[in-house]
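Here the structure is laid out as structure tokens; the discussion comes afterwards.
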Amino acid sequence: MSSITQFGNRLYTGETSLNFIGRRVVWYLMSLAIILVAVVVTVLRGGFAFGIEFRGGSEFQVSNPASIDTSIAEQTVTSAVGAAAAPKISVVGGQSVRVQTDQLTAEETDALRVSLADAYSVPVDEVTSSFIGASWGSDITSQALRALGIFLVLVSIVMALYFRTWKMSVAAMVAVLHDLVITAAVYGALGLEVTPAAVIGLLTILGYSLYDTVVVFDKIRENTSVAYDESKRTFAESVNLAVNQTLVRSINTSVVAALPVSSILFIGSILLGAGTLRDIALSLFVGILCGAYSTMFIAAPLYAQLREGEAESVKQGRKARIEIVRNASGAVR
Numbered sequence: 124m125s126s127i128t129q130f131g132n133r134l135y136t137g138e139t140s141l142n143f144i145g146r147r148v149v150w151y152l153m154s155l156a157i158i159l160v161a162v163v164v165t166v167l168r169g170g171f172a173f174g175i176e177f178r179g180g181s182e183f184q185v186s187n188p189a190s191i192d193t194s195i196a197e198q199t200v201t202s203a204v205g206a207a208a209a210p211k212i213s214v215v216g217g218q219s220v221r222v223q224t225d226q227l228t229a230e231e232t233d234a235l236r237v238s239l240a241d242a243y244s245v246p247v248d249e250v251t252s253s254f255i256g257a258s259w260g261s262d263i264t265s266q267a268l269r270a271l272g273i274f275l276v277l278v279s280i281v282m283a284l285y286f287r288t289w290k291m292s293v294a295a296m297v298a299v300l301h302d303l304v305i306t307a308a309v310y311g312a313l314g315l316e317v318t319p320a321a322v323i324g325l326l327t328i329l330g331y332s333l334y335d336t337v338v339v340f341d342k343i344r345e346n347t348s349v350a351y352d353e354s355k356r357t358f359a360e361s362v363n364l365a366v367n368q369t370l371v372r373s374i375n376t377s378v379v380a381a382l383p384v385s386s387i388l389f390i391g392s393i394l395l396g397a398g399t400l401r402d403i404a405l406s407l408f409v410g411i412l413c414g415a416y417s418t419m420f421i422a423a424p425l426y427a428q429l430r431e432g433e434a435e436s437v438k439q440g441r442k443a444r445i446e447i448v449r450n451a452s453g454a455v456r
């Protein structure tokens, strides 16, 4: 523990420094490569696998069956309504079998309920059925996208006013979009079903990503505004120092946030078989990791890049270089 504390102190004072800003091209390429690979795999898989709430259809759930063999349900659906129903079968909580199909008529629904009850040796009352229209999922999707757009616009304005520069706001929004794209790409690449719970988790990570970014940006503003004229560092070096100073804090925050989410993910998906817990926890877990990465490797380097051409930054860089040359000359003497 003491070694970690000492390492954090060295990062804070600048005695030890990790070059986040100078290697920004490497970080950009890494993120781009991850996104491209995920997008290509998603396309090869045929796109996102949307849940029944988004695509619409009929759902049946067999409670307390004698066996939870999913092949029984698949054979039953094929024989009752045909393979065109595109059945998706899963086990829920280790005690129920869930069957999702394309939209069925009332007659087909009743017939399939009876067939599933016979196949699993349970009373018909143990087989529940429900129908979800595709318009519901479409409405939810459009409302979520509208809320996301409004949220990003309002946050951009607030950040621009708070930090008194639109460039911090742009860098933060790029980092947020980076987190959203990678998290969504993980679902597409792994072929995981996109459900309302996954969308809720996806929107929830926006707050965490922005929180971590605002903390780092606040330190950047402190390093680049207080006694900046007397500083011997370039603008990029001051930004890099701020990222190093908040590095240990960002890692601690990410670990503390990821541990309970990973516990929910493990318990929900493995022990309980609860799809809702798994969906929301997975998007949160991926988003938390992406948020910690994007703050240090995307947002801060991008902000430094946006500011490097400004007259004040160029002037400070020139002063820093002159100071380096002066110190080197003094050392030679």
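Taking our numbering, the leading residue of the sequence shown gets 124, the next gets one more, and so forth.
Positions of the beta carbon are idealized from the N, C-alpha and C atoms, including for glycine.
Can you tell me which of the three DSSP states residue i falls into?
i: Glu197; result: helix
i: Gln223; result: strand
i: Val362; result: helix
i: Ile458; result: There is no way to answer for residue 458, as the model of the chain reaches only from 124 to 456.
i: Thr244; result: Just to set this straight, residue 244 is Ser in the shown sequence, not Thr. Residue state, collapsed to three classes: coil.
i: Ser140; result: coil
i: Thr318; result: coil
i: Thr251; result: strand
i: Thr357; result: coil
i: Glu431; result: coil
i: Gly311; result: helix
i: Arg133; result: helix
i: Arg401; result: helix
i: Gly256; result: coil
i: Thr369; result: coil
i: Ala350; result: Confidence at Ala350 is low in this model, with a pLDDT of 49, below 50, so the placement of that residue is unreliable and no value is reported for it.
i: Arg236; result: helix
i: Thr288; result: coil
i: Thr228; result: coil
Does the beta-carbon of residue i have 16 or more other beta-carbons within 10 angstroms, so that it is buried, or is it exposed?
i: Arg356; result: buried
i: Asn363; result: buried
i: Ser202; result: exposed
i: Leu303; result: buried
i: Leu235; result: buried
i: Phe254; result: exposed
i: Ala350; result: At Ala350 the pLDDT is 49, less than 50, meaning the model places this residue with poor confidence; the figure from the coordinates comes in the next sentence. Its Cβ having fewer than 16 others within 10 Å, Ala350 is exposed.
i: Arg146; result: exposed
i: Leu407; result: buried
i: Gln218; result: exposed
i: Leu284; result: exposed
i: Glu176; result: buried
i: Ile266; result: It should be pointed out that residue 266 corresponds to Gln in this sequence rather than to Ile. Gln266 comes out exposed.
i: Thr139; result: exposed
i: Ser348; result: exposed
i: Ser181; result: buried
i: Glu230; result: exposed
i: Pro383; result: exposed
i: Thr199; result: buried
i: Ser261; result: exposed
i: Val379; result: exposed
i: Val322; result: buried
i: Asn367; result: buried
i: Asn142; result: exposed
i: Leu329; result: buried
i: Arg269; result: exposed
i: Arg168; result: exposed
Please state whether the Cβ-Cβ distance between residue i and residue j is less than 8 Å.
i: Phe358; j: Glu431; result: yes
i: Val185; j: Val237; result: no
i: Tyr426; j: Ile343; result: yes
i: Gly85; j: Thr288; result: The requested residue 85 does not occur in the structure, where the chain is confined to residues 124 to 456.
i: Thr224; j: Ala298; result: no
i: Ser249; j: Ala240; result: With the sequence shown as reference, residue 249 is identified as Glu, and Ser is not the correct amino acid for it. Yes. Within cutoff.
i: Asp335; j: Gly414; result: yes
i: Ala320; j: Ile387; result: no
i: Leu155; j: Lys290; result: no
i: Ala423; j: Ile144; result: yes
i: Gly174; j: Thr318; result: yes
i: Ala466; j: Glu360; result: What is shown of the chain runs 124 to 456, which leaves residue 466 out entirely.
i: Leu325; j: Val278; result: no
i: Val222; j: Ile212; result: yes
i: Leu412; j: Ala365; result: no
i: Val338; j: Thr369; result: yes
Return yes when the C-beta of residue i is under 7 Å from any heavy atom of the ligand SAH, and no when it is not.
i: Val371; result: This structure does not include the ligand SAH; it has no bound ligands of any sort.
Secondary structure, beta strand (DSSP E): runs of 3+ residues fully inside the stretch 143 to 217: For the stretch 143 to 217, whole beta strand (DSSP E) runs of length 3 or above, ordered along the chain, are 180 to 186 and 211 to 215.
Assess contact between the stretch 158 to 178 and the stretch 306 to 316, defined as three or more Cβ pairs (one per stretch) separated by less than 8 Å. Is contact present? At 8 Å Cβ cutoff, the stretches touch.
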